[in-house]
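**Q** Structure in structure tokens, see below.
Numbering (full-length UniProt numbering), first residue to last: 1 to 236.
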């Protein structure tokens, strides 16, 4: 049997093969140059990021290069008793911001202050190893003083002048807070913002202790005996 031969089919097939052979090298060159361009762009981006990171690190180093290496040991001052310390809890970072719930007149601010001060009878704790005694906690003492000053502002706005006993308590609190602030020596580097009355510090990140964990611990060691503190002025 004679085999059928289609000249048109052969011609078109040969044409397609020729075009494919011609197109293939062009595609290869195009992909090569595209890959080369993309690699170049990626290299530039990575190089730029490395420069930016080095600039940021250098900037931070410039800020802190004058600070001596940190030493964690406590140097005990001769001639004074060692401190009585409660447990240490994991520290965390927190942004300081204006919290209106703690500000303003007493009736408005009372609920927020009550929440952070009422537990463990305002931080009064006792221990089985010291029967018949009770102790306070520094953080509660500090907040007690801030709350007292908060109330005094409210009274002053309404024209109420503290009597001699209250004034002495206020002076004690102001001095106690001064010593506490200087004792803690918060080393946070604060960003400055321009305000209506001049530059001010706000919305800065600080390293903080865990107040809620401290309250839980105080609750577990709460003093349940009788005590007298007629000028406490704390929320019940």
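Yeah, the Cβ is synthetic: ideal placement off N, Cα and C, and Gly gets one too.
1. Return helix, strand or coil for residue 192, following the three-state DSSP convention.
2. Count the other CB atoms within 10 Å of the CB of residue 97; is the residue buried (16 or more) or exposed (fewer)?
3. For the structure I just gave you, are there three or more beta carbon pairs, one from the stretch 181-191 and one from the stretch 80-91, closer than 8 angstroms?
4. Mapping DSSP to helix, strand and coil, what is residue 93?
5. Just how far apart, CA to CA, sit residue 86 and residue 114?
6. Please state if the CB of residue 223 and the CB of residue 124 are separated by a distance shorter than 8 angstroms.
7. As a quick exercise: from 226, 83, 30, pick the residue whose alpha carbon is nearest that of residue 132.
8. Classify residue 263 as buried or exposed, calling it buried when 16 or more other Cβ atoms lie within 10 Å of its own Cβ.
9. Using three-state DSSP, classify residue 205 as helix, strand or coil.
10. Identify which residue in 153, 34, 186, 110 has its Cα closest to the Cα of residue 205.
11. Mind reading off the beta-carbon distance from residue 117 to residue 147? Whole number of angstroms is fine, and I expect it under 8 angstroms.
12. Compute the Euclidean distance between the alpha carbons of residue 110 and residue 216, then round it to the nearest angstrom.
13. Name, in chain order, the residues that DSSP records as bridge partners for residue 155.
14. If you draw a straight line from the alpha carbon of residue 238 to that of residue 212, how long is it in whole angstroms?
15. Whose C-beta lies closer than 6 angstroms to the C-beta of residue 162 among residues of the same chain, with five residues either side of it excluded?
**A** The structure says:
1. If DSSP states are grouped into helix, strand and coil, residue 192 belongs with the strands.
2. Here residue 97 is exposed. Its C-beta has fewer than 16 other C-beta atoms within 10 Å.
3. Flag = no, the stretch 181-191 and the stretch 80-91 do not touch.
4. Three-state DSSP puts residue 93 in a strand.
5. One C-alpha to the other measures close to 23 angstroms.
6. When the beta-carbon positions are compared, residue 124 and residue 223 come within less than 8 angstroms of each other.
7. Of the candidates 226, 83, 30, the residue whose Cα lies closest to the Cα of residue 132 is 226.
8. Here the chain has residues from 1 to 236 only, and residue 263 is not among them.
9. The answer is strand: DSSP assigns residue 205 an E or B state.
10. Closest by alpha carbon: 186.
11. Yes, they are in contact, since the Cβ atoms of residue 117 and residue 147 sit about 7 angstroms apart, within 8 angstroms.
12. Spanning the two alpha carbons is a distance of roughly 21 angstroms.
13. BP columns for residue 155 are empty, so no partner.
14. The structure shown has nothing for residue 238, since the chain only spans 1 to 236.
15. Same-chain partners within the cutoff: there are none.
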